[in-house]
Amino acid sequence: MTKVNREVVVSEALALLDDVGLDAVSTRRLASRLGVEQPSLYWYFRTKKDLLAAMAAAAMEPHATAPLPTPGDDWRDWFLNNTRSFRRTLLMRRDGARLHAGSAPAGDLDRLRRKMDFLVASGVPEQDARMAMLAAGRYAVGCVLEEQADTGAAAELPDDVPVPDHEAAFEAGLALVLDGLTRRAADPARPENVRLA
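Position in the sequence shown (from 1) plus 136 gives the number in my numbering.
Written as structure tokens, this is what we have:
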């Protein structure tokens with residue numbers, strides 16, 4: 137029997153998620169998988185909500201440890217790659233977008249500040265940088281929700297209706313977000329872009 141600790145509980149909960157999907161994840165099933173009594177899980181997590189938050193944070197680990205931008209990076213390339221990394225991470229887990237949706241950023245807030253500082257230092261107005269990061273994150277979650285909910289319904293479409301290409305659609309929308317941000321950052325007439333000498 138595996139020794140149970142907080143990390144093992146989260147790891148097995150994520151494996152259970154991949155096996156049965158978010159709706160079927162329960163503390164009863166998790167306890168059975170771990171070979172323990174259900175009440176023993178409360179030693180590690182007081183509520184299922186606490187467990188789901190820990191699972192969401194652990195599922196985001198690949199994105200949370202991705203390299204941070206460096207001063208020489210092109211902010212546009214970095215913005216695209218950061219959002220792509222987030223999407224890829226959501227796709228790594230069954231129902232990854234549903235697990236993540238609504239979760240608070242429990243990760244390293246210093247990393248988020250460094251990303252924001254990079255965008256601002258690159259000439260993106262702070263408010264636009266903040267809103268673009270939020271919009272790109274929510275856009276990625278929405279795209280992955282749709283992708284993970286696609287259970288082959290496209291096979292039932294008439295022959296003259298194109299089958300959705302989730303990645304191509306994501307990339308097209310992401311390009312539009314970046315285009316809008318680039319235009320706003322380049323507009324020196326906008327009040328938030330005017331800097332005092």
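Don't be surprised by glycine CBs; every beta carbon is placed ideally from N, CA and C. As the structure is a computational prediction, the values presented were derived from the model and not from experiment.
For this session: Within the same chain, show all residues whose beta-carbon is closer than 7 Å to that of A194, passing over the 5 residues directly before and after it, in chain order.
Result: By the criterion of a C-beta distance shorter than 7 Å, A194 is surrounded in its chain by V146 and L150, once the five residues flanking it on both sides are discounted.
Exercise. Measuring CA to CA, which of G157, F181, A268 and P203 is closest to R142?
Worked result: It is F181 whose Cα lies nearest to the Cα of R142.
For this session: Answer yes if the stretch 249-258 comes into contact with the stretch 204-213, meaning at least three C-beta pairs across the two stretches below 8 Å, and no otherwise.
Result: Touching, yes, given that three or more Cβ pairs across the two stretches are closer than 8 Å.
Exercise. Is the distance from the Cβ of S334 to the Cβ of H236 below 8 Å?
Worked result: A query on residue 334 cannot be resolved here, the shown segment of the chain reaching from 137 to 333 and no further.
Exercise. Can you check whether the CB of M252 is closer than 8 Å to the CB of R266?
Worked result: For R266 and M252, yes; Cβs fall inside 8 Å.
For this session: Spatial neighbours of H302 within its chain, please: CB distance less than 8 Å, with the 5 preceding and 5 following residues excluded, ordered by chain position.
Result: Answer for H302: C279, E282, E283 and D286, listed in chain order.
Problem set entry | Contact set for T219: own chain, Cβ-Cβ below 7 Å, skip 5 residues either direction | For T219, same chain residues with a beta-carbon under 7 Å away, outside a window of 5 residues either side, are A272, A276 and L310 in chain order.
Problem set entry | Proximity of L177 and E148 at Cβ, strictly below 8 Å | Between L177 and E148, the C-beta gap is not smaller than 8 Å, which leaves the two residues out of contact.
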